[in-house]
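Mapping to the UniProt record's numbering: the sequence shown position 122 is 122, numbers consecutive.
Backbone N, C-alpha and C fix where the C-beta goes; we use that ideal spot for every residue, glycine too.
This report refers to the structure that appears directly beneath it.
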Amino acid sequence: MRRDVPLVLFLQLALPLAVAAILHLAGIGGPLASVVILTLAAAPITGGAGLAALTGLDGMTALRLLVWGTILLPLTSMLPLQIVFPGAAISPLEPALRLLGVIALAGGLAVVVRRIWQPAPQSDAIVMLDAVSALLLAALVLGLMDAIQPMLLRDPLQVAAMLAAAFALNFGLQIAANTAMRRAGSDPAIGGAVALIAGNRNLALFLIALPPASLEAMMVFVGCYQIPMFLTPLLMRGYYGRAGRR
């Protein structure tokens, strides 16, 4: 906790605020700037621990950051949301309370299910739960990518630009964070897990908490961002391996 909470506060609060200030000074705005800030303010992706393990990194570090990032999200997201939606009819407190409710409900149901149904799960039950989780995650990803197809037919160049921006943001964050963690003397597997979490964020929670109309212009980028996330183990494993040997 001594390191996890400061890392979460930096990744989900300080970083999006700093990037928002840079974009403002550079005169860059619009939906792309807004969704970049929103991405940086989001909690780690739910499957972060699994992605870390598949990439050869420390899954427990990713899991701890996921837990703390999700718990603190209602607090850390308030200022970034106010920047992204400055003239919105809703106050930042409303989506923060919705996030708190969703997180508390999901966490509470998980505890109840664990205690009543599987207090000591056997290996076959764990395999079944992993399979169900994978199916639900696949359904979620397909839903998030729903906006890509009509835009791809209407303006494929814009989709290509959004996809390039998604890869640049995701992998750029991972490389920058991994470089910073290495220079700080962190263990390669732990620093790499922090870097992986820095680039892979769960935008789906914001879709639950915010009015759909406020996110409509950002949905193509949200869909494109799913692609580098799930290609991380394939495309970044070699990078983390080489970085760890330096």
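Check this for me: beta carbons of residue i and residue j, under 7 Å apart or not?
| i | j | result |
| --- | --- | --- |
| residue 65 | residue 233 | no |
| residue 80 | residue 37 | yes |
| residue 172 | residue 181 | no |
| residue 224 | residue 153 | no |
Check each candidate in the options and name the one with the smallest Cα separation from residue i.
| i | options | result |
| --- | --- | --- |
| residue 156 | 113, 221, 52 and 243 | 221 |
| residue 22 | 83, 56, 58 and 42 | 83 |
| residue 42 | 52, 28, 67 and 58 | 67 |
| residue 44 | 7, 80, 17 and 56 | 7 |
| residue 158 | 47, 186, 31 and 51 | 31 |
| residue 204 | 19, 14, 39 and 34 | 39 |
| residue 194 | 217, 19 and 69 | 69 |
| residue 174 | 162, 152, 215 and 239 | 239 |
| residue 47 | 165, 229 and 241 | 229 |
Going by other Cβ atoms of all chains shown within 10 Å of its Cβ, with 16 needed for buried, is residue i buried or exposed?
| i | result |
| --- | --- |
| residue 73 | buried |
| residue 248 | Nothing about residue 248 can be reported from this structure: the residues present for the chain run from 1 to 246 only. |
| residue 201 | buried |
| residue 58 | buried |
| residue 116 | exposed |
| residue 231 | exposed |
| residue 219 | buried |
| residue 112 | exposed |
| residue 76 | buried |
| residue 149 | exposed |
| residue 188 | buried |
| residue 61 | buried |
| residue 101 | exposed |
| residue 197 | buried |
| residue 184 | exposed |
Which residue comes first and which comes last in the alpha helix (DSSP H) that contains residue i?
| i | result |
| --- | --- |
| residue 179 | 156-183 |
| residue 230 | 219-245 |
| residue 78 | 78-84 |
| residue 188 | 188-199 |
| residue 46 | Note, residue 46: premise wrong, no alpha helix (DSSP H); not H, not E. |
| residue 41 | 30-41 |
| residue 4 | 4-9 |
| residue 147 | Taken as a continuous stretch (DSSP letters only), residue 147 belongs to no alpha helix (DSSP H), as it is neither H nor E. |
| residue 277 | Within the shown structure, residues of the chain are numbered from 1 to 246, placing residue 277 beyond reach of any answer. |
| residue 20 | 15-25 |
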